[in-house]
Amino acid sequence: MKKIFLFLFTLSSLFGLAQVGVNNTNPQEELHISGTNSTIRIEGLNSTNNPLNLGDKENTRVYANSNGDLVLNNAPTNIEVLFNPANYLNDPLDTGGADSNQVNQTGVGSGYSQAGWPRQTGAGLSTFTLTRPAIVEINYAISYEIYKSGNPIDDYHARTAQFYVYLRQTGPAGAIVTTDYDGNPIDFAGNPGAMGYSGNFYTNGSTLGAGGGEGFDKKFYATGHDYIKLGPGTYCPMFAGILFVADTGGTGAVKMQMGGGDDEVVIIAHYYN
């Protein structure tokens, strides 16, 4: 009789422990721990017993494996260089067109020309792909030349060359990205998609040329950077530029060519979850 009673008591205890509360009289899960200072310690996960523990200076993520065991794993890569092609923009001087890298001089207040086209197109050559949301860092250094009929400019006129980078979806012919991952507009200075503005001032009075066109190999560089929050997808970095002068009188048909030198675009993803 005593053995039967003990067996029944054990069964009733097990059923009674179907939901266990620690500091909690009304558990909502099989194990429910309450309290403002509640903690759980698993000795096998601490820095003494597990080399994957990052120590007291950083938080170490705990993962559940396929068996449901809690384990430490190698720290995931939170920063990744996605894109860094060699000499990104087209090199030769061109005479204009839909995919030209040439910008015509304008007066003050005129708009930007979309003129920074990749030297090579295709996946991995002109595009980068995000597989999860990230804060994307964009860094660039692009070359440009200022000339008139292939000759240096020597008219002493003060000019401003400005540039910005923008992104297109899937490739060079895709739609311009005008909002970030959260739906916020990307529209700096009235230019949809514009990021990373940069610019230089230019003036020259020497017939030798402070800058020149084809055959002079006198190139300038503009550098810029910016950040944007993007979701998964494939993107293509593109550029726009403007060359304006306060007084167009007597200057002639001055042009700016983007991409004649080595042009670099570096895209870095900062993953946040």
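Just so we're aligned, residue 13 is where the sequence shown starts under our numbering, counting upward by one.
Even for Gly, the Cβ is constructed at its ideal location relative to N, Cα and C.
Bear in mind that the values here come from a model prediction, so they are computed numbers and not experimental data.
Would a C-beta distance cut-off of 8 Å place GLN174 and ILE254 closer than the cut-off? Stepping through the sequence shown from its first residue, residue 174 is reached at position 162. Stepping through the sequence shown from its first residue, residue 254 is reached at position 242. A contact, by the Cβ cut-off of 8 Å.
Compute the distance between the beta-carbons of VAL257 and GLY123, then report whether it is under 8 Å. Translated into positions along the sequence shown, residue 257 becomes position 245. Translated into positions along the sequence shown, residue 123 becomes position 111. No. Outside cutoff.
May I ask you to list the residues that DSSP assigns as paired with LYS160? Position 148 of the sequence shown, counted from the first residue, corresponds to residue 160. For LYS160, which the question treats as bridged, DSSP gives the partners ASN163.
For TYR75, the residue or residues it bridges with in DSSP: As a working mapping, residue 75 is identified with position 63 in the sequence shown. According to DSSP, TYR75 bridges with VAL83.
Taking SER210 as the reference, give the member of SER161, GLY243, GLY183, ALA153 with the closest Cα. For the purposes of this step, residue 210 is identified with residue 198 of the sequence shown, where counting begins at 1. Residue ALA153 is the option with its Cα nearest to SER210.
Please return the same chain residues whose Cβ sits closer than 8 Å to the Cβ of ALA170, not counting the five positions on each side in sequence. Start at 1 with the first residue of the sequence shown, and residue 170 comes out as number 158. In its chain, beyond the 5 residues on either side, PHE213, TYR214, THR215, VAL257, ALA258 have a beta carbon closer than 8 Å to the beta carbon of ALA170.
Would you grab the beta carbon distance between GLY128 and GLY271 for me? Rounded to a whole angstrom, and I think it's under 8 Å. Position 116 of the sequence shown, counting from 1, holds the residue named residue 128. Position 259 of the sequence shown, counting from 1, holds the residue named residue 271. 7 Å between Cβ atoms; contact.
Measuring only the C-alpha atoms, how far is VAL148 from GLY33? In the sequence shown, the residue the question calls residue 148 occupies position 136. In the sequence shown, the residue the question calls residue 33 occupies position 21. Distance between the alpha carbons of VAL148 and GLY33: 44 Å.
Using only alpha-carbon positions, find the residue among TYR239, LYS267, ASN35, PRO249 that is nearest to SER161. In the sequence shown, residue 161 corresponds to position 149, counting from 1. Considering only alpha carbons, the answer is LYS267.
What is the DSSP secondary structure of LEU255, counted as helix, strand or coil? Counting from 1 along the sequence shown, the entry for residue 255 is found at position 243. Note: LEU255 maps to strand in three-state DSSP.
Supposed close pair GLY245, ILE150 - CB separation, criterion 8 Å: Translated into the one-based positions of the sequence shown, residue 245 becomes position 233. Translated into the one-based positions of the sequence shown, residue 150 becomes position 138. Between the beta-carbon of GLY245 and that of ILE150 there is about 15 Å, and that puts the pair past the 8 Å contact cut.
Drop a sphere of 10 angstroms on the beta-carbon of GLY67, count the other beta-carbons inside from all chains shown, and report buried for 16 or more, exposed for fewer. The residue labelled residue 67 in the question sits at position 55 within the sequence shown. Label assigned to GLY67: exposed.
Cut-off 7 Å between Cβ atoms - residues of its own chain near PRO197, not counting five sequence neighbours on either side: In the sequence shown, residue 197 corresponds to position 185, counting from 1. Excluding residues within five positions, the ones whose Cβ falls inside 7 Å are THR190, THR191.
Rounded to whole angstroms, what is the Cα-Cα separation between TYR178 and GLY243? Counting from one through the sequence shown, the residue named residue 178 turns up at place 166. Counting from one through the sequence shown, the residue named residue 243 turns up at place 231. If I take the Cα positions, the gap works out to 16 Å.
Which one or two residues does DSSP pair with THR172 in a beta bridge? Taking the sequence shown and counting its residues from 1, the one referred to as residue 172 is at position 160. PHE213, PHE256.
Give the range of the beta strand (DSSP E) segment to which ILE64 is assigned. Looking up residue 64 in the sequence shown gives position 52. The residue you asked about is not Ile; residue 64 is Leu in the sequence shown. Taken as a continuous stretch (DSSP letters only), LEU64 belongs to no beta strand (DSSP E), as it is neither H nor E.
beta-carbon ASN96 near the ligand ATP non-hydrogen atom, thresh 7 Å: Absent from the structure shown: the ligand ATP. Ligands present: none.
Is DSSP giving LEU101 helix, strand or coil here? Taking the first residue of the sequence shown as 1, we reach residue 101 at position 89. In the structure shown, LEU101 sits in a strand (DSSP, three-state: E or B).
Could you give the distance in angstroms between the alpha-carbon of GLN40 and the alpha-carbon of LEU82? Along the sequence shown, one-based indexing puts residue 40 at 28. Along the sequence shown, one-based indexing puts residue 82 at 70. Near 21 Å, if we compare the C-alpha coordinates of LEU82 and GLN40.
Are the beta-carbon atoms belonging to PHE232 and SER155 less than 8 Å from one another? Locating residue 232 in the sequence shown gives position 220, counting from the first residue. Locating residue 155 in the sequence shown gives position 143, counting from the first residue. Closer than 8 Å, so yes.
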